[in-house]
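What follows is a single structure, written as structure tokens, with notes after it.
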């Protein structure tokens with residue numbers, strides 16, 4: 002893995018930043034940072050995998066070990082990232098319409114999946 006630079010906040014994480022799994026294998030690039038900046042809550046990142054035939058994945062904040070200037074390092078294997086429409090594995094989400102994580106994730110997924 003290349004030098005990833007200094008650690009950064011999710012606020013400074015750029016679209017296109019490379020994402021690596023726990024074994025330093027590349028799994029894609031950041032497509033969208035999911036956060037509620039008003040409440041300063043980082044939810045995770047939507048990852049665009051390499052290749053046109055692959056599906057976007059969601060790395061929940063609990064699956065992210067560190068954020069750097071030039072890379073995101075996961076705390077799990079890449080295969081453990083979620084489908085962006087799935088609930089995080091950490092627990093049951095109450096009412097999805099009122100849960101900021103679900104609302105933000107749904108908005109990002111709708112943006113990513115619409116025809117271009």
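Residue numbers (this note's numbering): 2 to 117. C-beta atoms are modelled at their ideal positions from N, C-alpha and C, and glycine is treated no differently.
- Assignment of residue 6 by DSSP, reduced to helix, strand and coil, places it in the coil class.
- For residue 37, the beta-bridge partners assigned by DSSP are 42.
- Between residue 9 and residue 20, the C-beta gap is not smaller than 8 Å, which leaves the two residues out of contact.
- Counting along the chain, no beta strand (DSSP E) covers residue 17, and no H or E run does either.
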